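Final position of the sequence shown in the working numbering is 818; the numbers increase by one with none missing.
Worksheet: the structure to be examined is printed underneath.
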Amino acid sequence: MRLWNLIPENNYISFQMTEEFDGVPGWNAELEILYVLEGEGLSCTVQGEAYTLGRDDFIVLNPYEIHTLQGTGCRAVSLFIFPALLALRPQREGEAIRCRSNDPAAPRDACGEIRRFMADALLLCCREGQADKYEVYENILRILAILDGNFCVREGRTGRRAQRTVAHLQRVVQYIDQNYMEGLTLASVAKEAFISPNYLSHLFRTYLQTSFAQYLRMVRLNHAYADLMNTEDSVTEIAGRNGFSGATAFIQHFSAVYGKTPAKFRKGGQAQRYYQTLPDEGYGEAFGTLLRHATGSAGRTALLRRSIETREAAADCSQAGSRRPAGWNQVMNVGWAKEALLAPLQQQVARAAEELGFRMVRFHGIFDYDMYVYQEDGGAPRYNFTYLDTLFDFLLAHGLSPFVELGFIPPALASDGKAYYNHFSRICFPRDLRRWTALVGATLRHCINRYGLRAVCTWKFTLFNAIYVYYGCISEDAWWTLWQATYEAVKGVHPGLAFGLNDDIGLLSPGYRRFWTYLERGRAAGCKPDFLSFQCFYGDYGEPGGEAFQKVYAQDTMPLPHSPDEDYLAHKLDFLEAGFRQRGLEPPPVLFEAWNSTVWQRDACNDSCFKAAFLVKNILENEQRIQSFGHWTLSDFMEEVPHAPQVFHGGYGILTFNGIPKAGYYALELLRRLGGRLLCRGDGWYITRDGDDIQVMLYHYYHYDLLYQQHYTTKSDSVFRFENEVSFHVRLGHMRPGNYSITEQCVNQEGGSSYDMWLYMGAPDELTREQAEYMKQVAKPSVSTGIRSVGGTYEFTAELRAHEVRLITLHRLHEG
3 MRLWNLIPEN
13 NYISFQMTEE
23 FDGVPGWNAE
33 LEILYVLEGE
43 GLSCTVQGEA
53 YTLGRDDFIV
63 LNPYEIHTLQ
73 GTGCRAVSLF
83 IFPALLALRP
93 QREGEAIRCR
103 SNDPAAPRDA
113 CGEIRRFMAD
123 ALLLCCREGQ
133 ADKYEVYENI
143 LRILAILDGN
153 FCVREGRTGR
163 RAQRTVAHLQ
173 RVVQYIDQNY
183 MEGLTLASVA
193 KEAFISPNYL
203 SHLFRTYLQT
213 SFAQYLRMVR
223 LNHAYADLMN
233 TEDSVTEIAG
243 RNGFSGATAF
253 IQHFSAVYGK
263 TPAKFRKGGQ
273 AQRYYQTLPD
283 EGYGEAFGTL
293 LRHATGSAGR
303 TALLRRSIET
313 REAAADCSQA
323 GSRRPAGWNQ
333 VMNVGWAKEA
343 LLAPLQQQVA
353 RAAEELGFRM
363 VRFHGIFDYD
373 MYVYQEDGGA
383 PRYNFTYLDT
393 LFDFLLAHGL
403 SPFVELGFIP
413 PALASDGKAY
423 YNHFSRICFP
433 RDLRRWTALV
443 GATLRHCINR
453 YGLRAVCTWK
463 FTLFNAIYVY
473 YGCISEDAWW
483 TLWQATYEAV
493 KGVHPGLAFG
503 LNDDIGLLSP
513 GYRRFWTYLE
523 RGRAAGCKPD
533 FLSFQCFYGD
543 YGEPGGEAFQ
553 KVYAQDTMPL
563 PHSPDEDYLA
573 HKLDFLEAGF
583 RQRGLEPPPV
593 LFEAWNSTVW
603 QRDACNDSCF
613 KAAFLVKNIL
623 ENEQRIQSFG
633 HWTLSDFMEE
643 VPHAPQVFHG
653 GYGILTFNGI
663 PKAGYYALEL
673 LRRLGGRLLC
683 RGDGWYITRD
693 GDDIQVMLYH
703 YYHYDLLYQQ
713 HYTTKSDSVF
723 RFENEVSFHV
733 RLGHMRPGNY
743 SITEQCVNQE
753 GGSSYDMWLY
763 MGAPDELTRE
773 QAEYMKQVAK
783 PSVSTGIRSV
793 GGTYEFTAEL
803 RAHEVRLITL
813 HRLHEG
């Protein structure tokens, strides 16, 4: 049996997922509602009666009611209601809950309500906030009321006799669970239960299919196991605390069950019985079985949700402030090189360069087959830079520089015929390394001859990312050999050309050595990267890379679970910087070549206000540490995977494929209006200046809830932790007296969110040209303005809803 604690236990309830039911007798101190997510043949035996449960069925198991569950291909989620909450029910002797949803006599309406309240409770448990807790308990109490009103029965005479028999065993089990650390014996426990030792032994053999001694030993081992995995106490201490006669006996019994001594087991860090990483394969659809019954019970107690957190923000405006870095809008990504030749995408690039101030453009695939840079004629290399020149000419004409990823491998040079993405990219080692380095050299020399050495020395160059080692496209040694050869080819053209080492920062962990190995190899070979270039998609890389990559470019489901860490980026940078300190190395400049909240192109959060708050939070909280944030991507106009027919389909871009700005685009537009000097910052606020003008940026970010992190739910509605409001009290002291024009701009569901406007329009699959133009003109941030006389201190209060971004600009008027 495999178990996952889906929701951390409290004193009242917990949710647990189970698969691989093995038929071992079990019981709980809690009332359990077991709901079948998947499968049609889950056999359940209770009180000697056998039942078969299928998908969407549930059964209620009373406290200390002995039962067995057996079945293959079945998955279930259980709601456990603890005694502290059960104590609110009337306790009547001789009564029990007998509820099985596929019982023909069971009231269908009552069973439907139980499913609904259970689904609502599960959703609410995955969020945070006091109001959510109240609503969870409201749902649980409603379930108990339905059970009492519809399924509470008095056992018949035969049933009572069986119930009394089981009651003896339940009391014994409860007594053992509470006193396992003492020197219990069959005789001492029988005496406590007022039954004979022989009868007690008979009960264990008959109902639990084990002996008293074996049961007591397993209880002690379970508790000792938890101590072993969660404390640093010695084996001797753990043995004594859990009722074993000594360390020798504990080691002997532990080894017999787990196959290793406690010390070796702890050192190996074996996975616990209760898994910490939830399963992902197939669970999204399975959880939909239960969650389709949810009604969003949060709306029933809207008054409880009106909790407002207060935060204080203050700045001394007489200070000059510290200079802000100018890196967040250095790089934009546009997908593939061939796409950047198309007029619709070029129009979007030109717009973003003008409105957002981007200075470099990055893309995949300059050597893919559809760019025709490298061909072979009669076995001899033939170069054709026509398409590349057209692309680079366009960029430079708009004041933009290329961020050149040297990749992928041209089909004519590929050692592997396997193609990836819709562009049939070859991600492998070249069959002739010398021809590869000659191609790199010829490309760079051509660019220098066409655009000049000074210009090309401002560009950045990398190989394709080392994430493809994790994905299984190329081996670690092959990627390093290719990187070193490419580095030498670039520097061989001119040492002033900037070449970086690139990987995925999400892979950095205590057990991940590849990145540091590459750095050490580079130092030894005299190949020091000019910068570090990472991609970052906030995912948990828990599954084999080959399987993850299949999902990445198939995009049928969320490829990687979202990290539960809302400060993921900051913590990964902490780990990176600590690694350099431990090795006594000076880190090169760090930038992000590809960066997004998700690696999934069907994540509706990409379209919503969530992305606005995500971008502002992560940029402002980490801008001092990173030279650029290359958001992946500028537009949904990208052919990495087949296009979705809907305009809003969760694509990577901050613009839709037809150029409608999303909330994230307008958030970046507000970011660009911040001043060049930072006065002060805090939780959700950031204050800058530009001369006498003051800018206050406020943002209210909420992270995904647990179900969405693990992609058990796929819609973006109500998938965040408790969404309360935040009230910012802002005090700007020592301002230069005078009249100020005060402008407030907001990105929220009412202003700046074309996605929410699209939903309001009925979420049409297709937009007419008139509708698209209307959205471009209307779905803009809300703006309010006024003039105030400021005598030295200016104070105001602003209330922000979840994922709202607000910029308040104070412009001092110069009056003659």
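C-beta atoms are modelled at their ideal positions from N, C-alpha and C, and glycine is treated no differently.
None of these values were measured; they are calculated from a predicted model.
query                                                                                                                                                                  : result
By the 10 Å Cβ neighbour count, where 16 or more other Cβ atoms means buried, how is TYR667 classified, buried or exposed?                                             : buried
Note down the Cα distance separating LEU230 from GLY242, rounded to an integer number of angstroms.                                                                    : 13 Å
Let me make sure I understand the geometry here. Which of MET334, VAL732 and GLY686 has the alpha-carbon closest to that of VAL807?                                    : GLY686
Am I right that LEU446 and LEU393 are in contact with their C-beta atoms under 8 Å? What's the rounded C-beta distance?                                                : That pair is no contact at about 15 Å.
Is ARG77 helix, strand or coil by DSSP?                                                                                                                                : strand
Quick one: give me the first and last residue of the beta strand (DSSP E) that PRO383 is part of.                                                                      : 382 to 385
Tell me which same chain residues have a C-beta within less than 6 Å of the C-beta of PRO412, skipping the five on either side of it?                                  : PHE369 and TYR376
Determine the burial state of TYR570: buried for a count of at least 16 other Cβ atoms within 10 Å of its Cβ, exposed for fewer.                                       : buried
So what does DSSP say about GLY443, is it helix, strand or coil?                                                                                                       : helix
Residues bridged to TRP597 by DSSP?                                                                                                                                    : CYS538 and HIS633
Ordered along the chain, which non-local residues of its own chain (more than five positions away) have a Cβ less than 7 Å from that of PRO2?                          : Since the first residue shown for the chain is 3 and the last is 818, residue 2 is missing from the structure and cannot be characterised.
Enumerate in chain order the residues of its own chain whose CB-to-CB distance from VAL1 is below 8 Å, with the five nearest sequence positions on each side excluded. : Within the shown structure, residues of the chain are numbered from 3 to 818, placing residue 1 beyond reach of any answer.
Does DSSP classify PRO783 as helix, strand or coil?                                                                                                                    : coil
Do LEU81 and ALA123 have their beta-carbon atoms positioned less than 8 Å apart in this structure?                                                                     : yes
Take VAL785 as the anchor and find which of GLU549, ASN750, HIS295 and LEU499 has the nearest alpha-carbon.                                                            : ASN750
Can you tell me which of the three DSSP states ALA315 falls into?                                                                                                      : strand
Which residue from TRP481, SER756, ASN64 and LEU761 puts its Cα closest to that of CYS154?                                                                             : ASN64
Can you find the residues in the same chain that come closer than 6 Å, C-beta to C-beta, to PHE517, ignoring five residues on each side of it along the sequence?      : ASP505
Whole angstroms are fine: how far does the CA of SER257 sit from the CA of ALA265?                                                                                     : 10 Å
Can you give me the Cβ contacts of GLN172 inside the same chain, cut-off strictly under 6 Å, excluding the 5 residues immediately before and after it?                 : TYR66
Compare the beta carbon distance of ILE744 and LEU673 with 8 Å and say whether it is the shorter of the two.                                                           : no
Taking Cβ to Cβ, would you say HIS448 is nearer than 8 Å to GLY409?                                                                                                    : no
Would you be able to state if there are at least three C-beta pairs under 8 Å between the region 651 to 664 and the region 765 to 778?                                 : yes
What does the alpha-carbon distance come out to for the pair ARG207 and ALA580?                                                                                        : 57 Å
Under 8 Å by Cβ, that's how I've got HIS702 and ARG627 pegged, so tell me the actual separation to the nearest angstrom.                                               : Incorrect: roughly 23 Å between the Cβ atoms, too far for contact.
Ignore the nearest five residues each way along the sequence and tell me which others in ILE310's own chain have a CB closer than 6 Å to its CB.                       : GLU727 and SER729
Look at the alpha carbon of LYS193 and the alpha carbon of SER103, and state the distance between them as a whole number of angstroms.                                 : 40 Å
Can you tell which of LEU578, GLN537 and GLN552 has its C-alpha closest to the C-alpha of SER511?                                                                      : LEU578
Report yes or no: do three or more beta-carbon pairs, one from the region 674 to 694 and one from the region 650 to 659, lie closer than 8 Å?                          : no
So the candidates are GLU588, PHE616 and GLU40; which of them puts its Cα closest to the Cα of GLY2?                                                                   : Beyond the ends of the chain as shown, which are 3 and 818, falls residue 2; an answer cannot be given.
So is ILE507 buried or exposed if we call it buried at 16+ other beta carbons inside 10 Å?                                                                             : buried
How is HIS651 classed by DSSP in three states: helix, strand or coil?                                                                                                  : coil
Pick out whichever of SER203, GLU801 and GLU817 has its Cα sitting closest to the Cα of SER791.                                                                        : GLU817
Would you call PRO346 buried or exposed, if buried means 16 or more other Cβ atoms sit within 10 Å of its Cβ?                                                          : exposed
Where does ARG275 fall in DSSP's three states?                                                                                                                         : Residue placement at ARG275 is flagged as unreliable, the pLDDT there being 39, under the threshold of 50; the coordinate-derived value follows with that caveat. The answer is coil: DSSP assigns ARG275 none of H, G, I, E or B.
Is SER610 near TYR757, with beta carbons less than 8 Å apart?                                                                                                          : yes
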